[in-house]
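Those sequence lines, one after another, are chains A and B. The numbering of the first sequence is our numbering, which starts it at 1 and goes up by one. The numbering of the second sequence is our numbering, which starts it at 1001 and goes up by one. C-beta atoms are modelled at their ideal positions from N, C-alpha and C, and glycine is treated no differently. Structure first, then comments.
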Amino acid sequence: MNAGPLLSARGLNAGYGDFQALFDVDFHIAAGEVVALIGANGAGKSTMLKTFVGLVPVRGGTVTFDGIDVSQTPAHALAVQGLAMVPEGRRLFRGMTVEDNLRVAADHARHLPADDRPWTLERLYDLFPILAERRGQAVEKLSGGQQQMVAIGRALMMQPKVLLCDEISLGLAPKVIGEIYAMLPAIRQSGTAILLVEQDVTLATRSSDRVCCLLEGRIVLTGRSSELSRETIAKAYFGVGHEVG
Amino acid sequence: MKWVDAVVQGLLLGSLYAQYAIGMSLMFGVMRIVNIAHGDLVVLLALIGISIAAVLGLGPGFIVLLLVPIGAAVGWILQRGILNWAVGEDPLPSLIATFGLSLALQNFMLTVWQADTRSLDAGALTTRSVELMGIHVGVLPLLIAVVAVVLTWSLHMALKTTKFGRALRAAAADSVAATISGVNTKAIYAQATAIAVAVLGIAAVFQATRTTVSPSDGGAQLIYAFEAVIIGGMGSIWGAFVGGLILGVAQVVGSRIDPGWGILIGHLVFLLVLAWRPQGLLSRR
């Protein structure tokens, strides 16, 4: 295990077509660390995650994963190397059962000897007993919270070194959000680094070790979650020139 | 008895349509590609098979063994070389690409094989028949029906239970989510098309032994496959099989009513299904 960051970006530029979404982003995350990525709508949070997993091409700068430059690595290969994402809106495989959704990921998981795999179907079903009960049902029959559990479970079955979560609380009841976030300690315990995109700033700071704030495609603030005041975050979130009531 | 016989003969004819249709259904279900060149690929493989049989003096059984890998290779190259560039949310690019391919293939076949009709000689198999409950059934059509069932069942089980099948269904449901789950969708697409065209290798031999082929026949085969897929429900493998059978029965029963009506009645049944249940008979929607 190397002591350096597991995933890092240096001078990262990325975007879609004529639109540039990220400007000179520097970022790093270490094994077992939880980092929250916050920012207003359109700040580039989702783009940053999609660039890391290879869904959005890198235009400039580098992305390094586990000591290797992965700027040009195709998305499916990155996933197999241990970079997993829970996408915004869950994006489950409709028409397939809960178990088949999980098994697609297990089929393409990072290669590990059977005894060293932190995540197995059994372990996942222990953590989310409701999924064991509904393993044979089509995913679209599940509630929103249960679907989110499948989405997280699917990413975990990849045996990720880094787990990127894009707005996993979106559209869920507060109680369900609590249940989902209660999972994070168990995930980081296995050494997995977690990068969270979260709209709820309070939830984001409470669940993370560090916070990064994006404003119009640039990282404007980064610091330990416990040491950042609400005012500092609000300033970075809305931009320095804005008055915050 | 005359009508029972018509239905049985229709089911046997429909089994051949089912063999064309399952590959088309697979391609549509996974990639949303309507392969306009589907019928031309049947004809191309049949003509290749006929030429190999003539040169090497091989029987239809050996030709099947050769045409399946040839079909798989053609499908793989087709997907890697052309269709992977056209596949996406918009169905139009792939429709235009396969339409162009269809025209190119027809002209290529005319140049190589001329406009003659040809067939494969299967010897006594073509004329032998057995009597089942008072109905004479040809051994070759019966073999075609058995192979159609086995192919449909195998493909269904492969989709349902194997790693490849899960990856295929995942890519069909959401290609981006499949990609971040480690599925190389472009490779999966190439394998799906390889399977679809490999199945046509089998269908081509049956087509060429049961009747004749000429370079311009592809259009009719395409329409039958397409209608079978629509009747059964787009993307459903068993649906394509059932659709093929229904089309076959409609054509044979129709031609018993009036010899000139067979094909027309088949099209009418297709239109009726389209009006009554546009999503297809076996569609889950």
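Chain B contact residues for residue i, given Cβ-Cβ distances below 8 Å
i: Leu55/A; result: Val1176, Thr1179 and Ile1180
i: Gly136/A; result: What Gly136/A touches in chain B: nothing, since even the nearest Cβ is about 13 Å away.
i: Pro87/A; result: Val1176, Ala1177 and Ile1180
i: Met158/A; result: Ser1181 and Gly1182
C-alpha distance - residue i paired with residue j, whole-angstrom precision
i: Asp1040/B; j: Ala31/A; result: 55 Å
i: Tyr1020/B; j: Gly67/A; result: 50 Å
i: Pro118/A; j: Arg1032/B; result: 37 Å
i: Val25/A; j: Arg210/A; result: 16 Å
i: Gly1201/B; j: Arg1118/B; result: 16 Å
i: Trp1076/B; j: Glu88/A; result: 33 Å
i: Val1269/B; j: Gly1081/B; result: 37 Å
i: Val1205/B; j: Pro1060/B; result: 7 Å
i: Gly1243/B; j: Leu1140/B; result: 21 Å
i: Ala1018/B; j: Ala1148/B; result: 7 Å
i: Asn2/A; j: Thr64/A; result: Only weak support is given to the placement of Asn2/A: the predicted model assigns it a pLDDT of 49, under 50, and the value that follows is read from those uncertain coordinates. Distance between the alpha carbons of Asn2/A and Thr64/A is about 13 Å.
i: Pro185/A; j: Leu163/A; result: 13 Å
i: Leu1245/B; j: Gly1233/B; result: 13 Å
i: Ala1294/B; j: Lys1163/B; result: The shown model of chain B, from 1001 to 1285, leaves out residue 1294/B, and the question about it has no answer.
i: Gly1023/B; j: Leu92/A; result: 26 Å
i: Phe1028/B; j: Ala1225/B; result: 12 Å
i: Asp1217/B; j: Ile1180/B; result: 43 Å
i: Gly54/A; j: Lys1186/B; result: 15 Å
i: Ala1006/B; j: Glu1131/B; result: 15 Å
i: Thr97/A; j: Phe238/A; result: 42 Å
i: Ala1122/B; j: Thr1209/B; result: 6 Å
i: Val1043/B; j: Asp126/A; result: 55 Å
i: Leu1264/B; j: Val1064/B; result: 32 Å
Where residue i sits in the DSSP three-state scheme
i: Phe65/A; result: strand
i: Val220/A; result: strand
i: Gly1235/B; result: coil
i: Thr51/A; result: helix
i: Leu172/A; result: coil
i: Gly1182/B; result: coil
i: Ala186/A; result: helix
i: Ala84/A; result: strand
i: His108/A; result: coil
i: Ile1033/B; result: coil
i: Arg135/A; result: coil
i: Arg59/A; result: strand
i: Thr97/A; result: strand
i: Gly1243/B; result: helix
i: Val70/A; result: coil
i: Val1087/B; result: coil
i: Arg1287/B; result: Outside the shown range of chain B, which is 1001 to 1285, sits residue 1287/B, and nothing can be said about it.
Residue i: contacting residues in chain A (beta-carbon distance under 7 Å)
i: Asn1184/B; result: His76
i: Ala1173/B; result: Phe93, Arg94, Gly95 and Met96
i: Lys1163/B; result: Asp107
When the options are compared against residue i, the one with the closest alpha-carbon
i: Gly223/A; options: Glu216/A, Arg230/A, Gly217/A and Cys212/A; result: Cys212/A
i: Arg1277/B; options: Val1229/B, Ser1119/B and Val1074/B; result: Val1229/B
i: Ala1250/B; options: Gly1165/B, Gln1009/B and Thr1193/B; result: Gln1009/B
i: Leu112/A; options: Met158/A, Glu133/A and Ala132/A; result: Met158/A
i: Val1137/B; options: Ser1129/B, Ile1144/B and Leu1143/B; result: Ser1129/B
i: Leu215/A; options: Ala204/A, Ala234/A, Leu203/A and Ser229/A; result: Ala234/A
i: Trp1113/B; options: Pro1069/B, Ile1052/B, Met1157/B and Ala1172/B; result: Ile1052/B
i: Gly171/A; options: Lys161/A, Ile130/A and Gly144/A; result: Gly144/A
i: Ile1237/B; options: Gly1254/B, Thr1127/B and Lys1160/B; result: Lys1160/B
i: Leu1067/B; options: Thr1211/B, Phe1241/B, Ala1240/B and Ala1196/B; result: Ala1196/B
i: Leu6/A; options: Lys50/A, Leu124/A, Asp126/A and Glu33/A; result: Glu33/A
i: Thr1126/B; options: Leu1026/B, Thr1211/B, Ala1275/B and Phe1241/B; result: Thr1211/B
i: Met1099/B; options: Ala1124/B, Leu1110/B, Glu1089/B and Leu1083/B; result: Per the sequence shown, residue 1099/B should be read as Phe rather than Met. With distances taken between Cα atoms, Phe1099/B lies closest to Leu1083/B.
i: Lys45/A; options: Ile187/A, Asp116/A, Ala105/A and Leu196/A; result: Leu196/A
Chain-ordered neighbours of residue i on chain A, where CB pairs are closer than 8 Å
i: Arg1166/B; result: Met96, Asp100, Arg103, Val104 and Asp107
i: Ala1115/B; result: Result: empty, since nearest Cβ-Cβ is about 45 Å, beyond 8 Å.
Proximal chain A residues relative to residue i, where beta-carbon distance stays under 9 Å
i: Arg1169/B; result: Phe93, Gly95, Met96, Asp100 and Val104
Within chain D, the residues that residue i reaches when beta carbons sit closer than 9 Å
i: Ala79/A; result: Considering every chain present, this structure includes no chain D. Its protein chains are A and B.
Closer than 7 Å at the beta carbon, the chain B residues around residue i
i: Arg154/A; result: Ser1181
i: Met149/A; result: Ordered by position in chain B, no residue passes the 7 Å Cβ test against Met149/A, which lies about 16 Å from the chain.
Element boundaries [beta strand (DSSP E), containing residue i]
i: Phe19/A; result: Phe19 to Ile29
i: His1038/B; result: Segment His1038 to Leu1056 is the alpha helix (DSSP H) holding His1038/B; no beta strand (DSSP E) there.
i: Ala9/A; result: Leu7 to Tyr16
i: Arg210/A; result: Arg210 to Leu215
i: Val162/A; result: Val162 to Asp166
i: Gly39/A; result: Val34 to Gly39
i: Val197/A; result: Ala193 to Val197
Host alpha helix (DSSP H) of residue i (start-end)
i: Ser1129/B; result: Looking at the DSSP string, Ser1129/B is not in any alpha helix (DSSP H); the run it does join, the beta strand (DSSP E), is Ser1129 to Leu1132.
i: Val1269/B; result: Gly1262 to Trp1276
i: Asp126/A; result: Leu121 to Leu127
i: Val1137/B; result: From DSSP, Val1137/B is part of no alpha helix (DSSP H) but of the beta strand (DSSP E) over Ile1135 to Gly1138.
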